[in-house]
Amino acid sequence: MTEATKRILVTGGTGLVGKAIQKVVADGEGRPDEEWIFVSSQDADLTSSSETKALFERHKPTHVIHLAAMVGGLFKNIRSNLDFWRTNIHINDNVLHSAHEVGVEKVVSCLSTCIFPDKTTYPIDETMVSVPIPAHCPGKFPSLLNSLLPCSQIHNGPPHSSNFGYSYAKRMIDIQNRGYSEQHGRRFTAVIPTNVFGPHDNFNIEDGHVLPGLIHKVFLAKQTGSALTVWGTGKPRRQFIYSLDLARLFLWVLREYDEVEPIILSVGEEEEVSIREAAEAVAEAMDFRGELVFDTTKADGQFKKTASNAKLQRYLPGFQFTPFRK
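Residue numbers (UniProt numbering): 1 to 326.
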């Protein structure tokens, strides 16, 4: 019997993506030399540095998949941007610093496409760009700063105002990864998935993401015989990735991907759908035959976040995504 030489700690292990990784590992994609440890907020309060440190010292992981975060849908973000910033900054700093202190070999953190600038060119990707330097900077300072502060398109402008707290907190993981790599030689990296959906999602209409919210709304509309009311115009566009596909990609990143620069994990640009199309797909799948109404008094959020998966395709050209309408 092969002895496990890798102890893989998954924070946020009981959420949407954590549960998907559990299933993929249990269904045969785990390896004999891997011991998987899935933890949740019941095991430690990751906003507490002492509890986070104790968790890492107890389990002594060699690898970490960092999923834990304060998350929510558009309207929860709009209401609580400061809370999203403070909570996630504490969680991320505690997890990454504890991983460094106990000598974790590799950390893969989970970001989001909402971290990209609101005003940008599409499709968004991981391409390196220069940091803009003020013209009045004296002497050799501009060239020195450029050499010290390479940044990706992630940092090339402010994110959408609706969820700036969450977005900036997630962006800072990229800064921390680069810092731990340059200063301590750590193999800390991150992935940037598009909109994730699948089993074990949060179906709360107020606080959940778009697809589980639509599923819940269709369920209620069928029960009451009322119209399906979708918040916003239905025009914004999104790419959706199935949680089990994302879980398989997480395993590949953990085992094979060696860049500090994050990688976008997404279906292709051609798979992008509007919120109207998503609502129609959910209604069709649930055999809802009622009226579809759009409440345009509600905010749309960011219009689009079209992401390129060209880099992923270079690494894994044969990867098969689950079709959105399957």
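Each residue gets a CB set at the ideal place from its N, CA and C atoms; glycine is no exception.
Secondary structure of ILE8 (DSSP, three-state): strand. Relative to LEU312, the option among PHE203, GLY208, ILE192, LYS304 whose CA is nearest is ILE192. Only buried fits HIS66, as 16 or more other CB atoms lie within 10 angstroms of its CB. In the DSSP assignment, ALA307 is bridged to ILE124. With a contact defined as Cβ atoms closer than 8 Å, TYR166 and CYS114 qualify at about 7 Å.
Taking ASP287 as reference, the option from ILE264, ASN195, GLU272, LEU220 with the minimal CA-CA separation is LEU220. Using a 10 angstroms sphere on the CB of LYS217, the tally of other CB atoms reaches 16 or more, which defines it as buried. The beta carbon of GLY198 sits closer than 7 Å to those of LEU16, ALA20, TYR242, SER243, LEU244, all from its chain and outside the five residues before and after it, given in chain order. Under the 8 Å Cβ criterion, the region 170-179 counts as touching the region 102-113, having at least three qualifying pairs. Runs of beta strand (DSSP E) with 3 or more residues, each lying fully within the region 269-309, are found at 292-295, listed in chain order.
Per DSSP, the unbroken beta strand (DSSP E) holding VAL196 starts and ends at 195-197.
CA-CA distance, ILE8 to GLU34, rounds to 7 Å. Apart from the 5 residues on each side of it in sequence, PHE294 sits with its Cβ closer than 7 Å to the Cβ of VAL230, GLY232, THR233, GLY234 in its chain, given in chain order. When the beta-carbon positions are compared, PRO236 and PHE303 come within less than 7 Å of each other.
Here LEU214 is near ALA279, since their CB atoms are less than 7 Å apart. Rounded to the nearest whole angstrom, the C-alpha separation of GLY157 and GLY225 is 45 Å. Cα atoms of ALA99 and SER161: separation of roughly 31 Å, rounded to the nearest angstrom. Residue state for PHE164 is assigned as helix, using DSSP reduced to three classes. GLU35 is bridged by DSSP to ARG7. From the listed residues GLN320, PHE203, ARG325, LYS305, the smallest Cα separation to THR121 is found for LYS305. Within the same chain, and ignoring the five residues on either side of VAL64 in sequence, the residues whose Cβ sits closer than 8 Å to its Cβ are ILE8, LEU9, VAL10, THR11, VAL95, ALA99, VAL104, LYS106, VAL107, VAL108.
Rounded to whole angstroms, the gap between the alpha carbons of ARG186 and THR62 is 12 Å.
When DSSP reads this structure, ALA190 sits in a beta bridge with SER109. By the CB criterion at 7 Å, ALA247 and VAL24 fall inside the cutoff.
DSSP places VAL24 inside the alpha helix (DSSP H), whose first and last residues are 16-24. For ILE215, the uninterrupted alpha helix (DSSP H) segment begins and ends at 210-224. Counting every other CB atom within 10 Å of its CB across the protein chains shown gives HIS184 a total below 16, marking it as exposed. Beta-bridge partners assigned by DSSP to TYR242: PHE197. Close CB contacts of ASP43 within its chain, under the 7 Å cut and outside five residues either way in sequence, are with LEU55 (chain order). Per DSSP, the beta bridge partners of HIS66 are THR11, SER109.
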